[in-house]
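Undergrad: Input: one structure, supplied below.
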Amino acid sequence: MSLDNLGLEEKLEVIGYLSVPNVIASIEATVPRNKVDVFKDEFSGKYSEEYPYTADKYGYQFRIYLNDIDGCPEYLLDELDETYHNRINDTQFIRELVNDYGFRFTKEPQQTEYIRDCVARLHGRRYLRFFDAGYNLYQAFIDDVGDIVLHERRLPLPNVMRYKKKNISRIAERRSHTRDNAPALTSQQLSNLGWIGEAYIAYLLETEDEELLYAMGIPERIGYSYQWFNEGFDEENEEPWIDKSVGYGCDIILTLDDGETFYIEIKTSKREYPYFKMTSAEMQVMEEQLDNYILLKLNNLERLLGGQSPDIIPIINPFRRLFHPRQMKDATFIIGGE
Numbered sequence: 214m215s216l217d218n219l220g221l222e223e224k225l226e227v228i229g230y231l232s233v234p235n236v237i238a239s240i241e242a243t244v245p246r247n248k249v250d251v252f253k254d255e256f257s258g259k260y261s262e263e264y265p266y267t268a269d270k271y272g273y274q275f276r277i278y279l280n281d282i283d284g285c286p287e288y289l290l291d292e293l294d295e296t297y298h299n300r301i302n303d304t305q306f307i308r309e310l311v312n313d314y315g316f317r318f319t320k321e322p323q324q325t326e327y328i329r330d331c332v333a334r335l336h337g338r339r340y341l342r343f344f345d346a347g348y349n350l351y352q353a354f355i356d357d358v359g360d361i362v363l364h365e366r367r368l369p370l371p372n373v374m375r376y377k378k379k380n381i382s383r384i385a386e387r388r389s390h391t392r393d394n395a396p397a398l399t400s401q402q403l404s405n406l407g408w409i410g411e412a413y414i415a416y417l418l419e420t421e422d423e424e425l426l427y428a429m430g431i432p433e434r435i436g437y438s439y440q441w442f443n444e445g446f447d448e449e450n451e452e453p454w455i456d457k458s459v460g461y462g463c464d465i466i467l468t469l470d471d472g473e474t475f476y477i478e479i480k481t482s483k484r485e486y487p488y489f490k491m492t493s494a495e496m497q498v499m500e501e502q503l504d505n506y507i508l509l510k511l512n513n514l515e516r517l518l519g520g521q522s523p524d525i526i527p528i529i530n531p532f533r534r535l536f537h538p539r540q541m542k543d544a545t546f547i548i549g550g551e
């Protein structure tokens, strides 16, 4: 495959698709040992420190590993490596992406806005609609899952799982090609997916799902009410969504008839993605409430499309159970001095 074999509209759709966060797991470069300096001159500022790999080869070998091929344009899907099913092997194709369109040899997310600017500079802003078409290919998935959660009267019940500790390895595999099943969604799509997950949990609370309530430590035979801060949000509303739970430290507050209160935070993923972020407000309320704070990790939400059960992992007192260095991928701190 080569970009030269595609029409401009198809080419820009492919570029838009590849620039979605987490579609590309890595763009790798392997070069002959005697051409490392030539590579560094040609691609100065366009590669991260682990590249290039070196080998006893006669020429360059560039590869793109895709982390998520759901929704991949058909003319790109047909060209994926038959063995790996997620790899693009065409060195010339990749060279063009890096030299002309702002992609980088790296395992880090590609710089979407910079890539989009490159498209506008090369072809004019009127061609951005083709880039945007590729960039927004996953929106159909978000719309379909949202329609099911919002409009179906009876939803599949979840597969409630036990929490199992998972540590961060100190030493990462040098040539790991994927990022732990990371879903390829734009920031807006991730926000919408999070709201859909909240709506699904609210449905389970409304229908008093016994297995989930038991796993959350909610006593039997006692009534409750709940406040879902984002209740009523309509994805079709033209106004941008403002997360109304910001500052409360949770998504839902559940109050038992005897007055006891539980704080529920929901983290939703397409597929089984092990990482999630917590805000400062969430962590502070988590520390204050301890056993009355419940984190619900909702995985594989896309199963609802096939009438199957997503997975829910309830974690009671996540402050005690999660806040250890081996279970934190990274952290951002704020400090001062005098």
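Taking our numbering, the leading residue of the sequence shown gets 214, the next gets one more, and so forth. Cβ coordinates follow ideal geometry from the N, Cα and C atoms, glycine included. Note that the coordinates shown come from a computational prediction; the quantities given were computed from them, not determined experimentally.
Identify which residue in L231, N235, N513 and L535 has its Cα closest to the Cα of D345.
TA: L231
Undergrad: Does DSSP classify E478 as helix, strand or coil?
TA: strand
Undergrad: How should D464 be labelled, buried or exposed, when 16 other C-beta atoms within 10 angstroms of its C-beta is the threshold for buried?
TA: Buried.
Undergrad: Inspect the beta-carbon positions of I479 and E419 and report whether they are closer than 8 Å.
TA: no
Undergrad: With distances taken from CA atoms, which of L370, Y413 and R338 is nearest D360?
TA: Y413
Undergrad: How would you call P371, buried or exposed, if buried means at least 16 neighbouring beta carbons within 10 angstroms?
TA: By the neighbour-count criterion, in which a residue is buried when 16 or more other Cβ atoms sit within 10 angstroms of its Cβ, P371 is buried.
Undergrad: Since I believe L279 is in contact with V233 (beta carbons under 8 Å), could you give me their beta-carbon distance rounded to a whole number of angstroms?
TA: That belief does not hold up - the Cβ atoms of V233 and L279 are roughly 11 Å apart, past 8 Å.
Undergrad: Alpha carbon to alpha carbon, how far is I455 from E551? Give it in angstroms, no decimals.
TA: 37 Å
Undergrad: State the beta-bridge partners of N512 as determined by DSSP.
TA: D524
Undergrad: What number of angstroms, rounded off, separates the C-alpha of M541 from the C-alpha of I547?
TA: Roughly 17 Å between the two C-alpha positions.
Undergrad: Can you list, in chain order, the residues of its chain with a C-beta nearer than 6 Å to that of L600? Leave out the 5 residues immediately preceding and following it.
TA: Here the chain has residues from 214 to 551 only, and residue 600 is not among them.
Undergrad: So, using beta-carbon positions, are L508 and P531 closer together than 8 Å?
TA: yes
Undergrad: So, V311 versus F256, is the Cβ gap smaller than 8 Å?
TA: Remark: C-beta atoms of V311 and F256 approach each other more closely than 8 Å.
Undergrad: Comparing C-alpha positions only, which one of H364, T474, I435 and Y288 sits nearest to N499?
TA: According to the sequence shown, residue 499 is Met rather than Asn. Measuring from the Cα of M499, the nearest candidate turns out to be T474.
Undergrad: With DSSP collapsed to three states, give me the class of I435.
TA: Assignment of I435 by DSSP, reduced to helix, strand and coil, places it in the coil class.
Undergrad: Examine the Cβ distances between the segment 300-319 and the segment 251-271 and report whether three or more of them are shorter than 8 Å.
TA: Note that the segment 300-319 touches the segment 251-271; at least 3 beta-carbon pairs, one per stretch, sit closer than 8 Å.
Undergrad: Could you pull out every residue in the same chain whose Cβ sits closer than 6 Å to the Cβ of I526, ignoring the five residues on either side in sequence?
TA: M374, Y376 and K510
Undergrad: Under the three-state reduction of DSSP, which class applies to R300: helix, strand or coil?
TA: strand
Undergrad: Rank P538, Q521, R366 and T468 by C-alpha distance to the C-alpha of I431 and give the top, closest one.
TA: T468
Undergrad: If V244 sits next to Y273, beta carbons under 8 Å apart, how far is it from one beta carbon to the other, in whole angstroms?
TA: 5 Å
Undergrad: Taking 8 Å as the threshold (beta carbon to beta carbon), is L535 in contact with chain C?
TA: In the structure shown, chain C cannot be found, because there is only a single protein chain.
Undergrad: Look up A412 in the DSSP assignment and say whether it is helix, strand or coil.
TA: helix
Undergrad: Could you tell me the alpha carbon to alpha carbon distance between G337 and R484, rounded to whole angstroms?
TA: 37 Å
Undergrad: According to DSSP, is F344 part of a helix, a strand, or is it coil?
TA: helix
Undergrad: In whole angstroms, what separates the C-alpha of Y461 from that of A494?
TA: 7 Å
Undergrad: Note down the Cα distance separating N299 from K457, rounded to an integer number of angstroms.
TA: The straight-line gap separating the alpha-carbon atoms of N299 and K457 is approximately 38 Å.
Undergrad: Tell me whether D281 is buried or exposed, calling it buried when 16 or more other Cβ atoms sit within 10 Å of its Cβ.
TA: By the neighbour-count rule (16 or more Cβ atoms within 10 Å), D281 is buried.
Undergrad: Taking DSSP's pairing of strands, which residues face V236 in a bridge?
TA: Paired residues: none, contrary to the question.
Undergrad: By the three-class DSSP mapping on this structure, what secondary structure does I507 have?
TA: strand
Undergrad: Measure the C-alpha to C-alpha separation of L341 and I466 and round it to an integer number of angstroms.
TA: 43 Å
Undergrad: Return helix, strand or coil for Q274, following the three-state DSSP convention.
TA: strand
Undergrad: Report the option in S239, A238 and D269 whose CA atom is closest to the CA atom of V249.
TA: D269
Undergrad: Report the three-state DSSP secondary structure of Q323 (helix, strand or coil).
TA: coil
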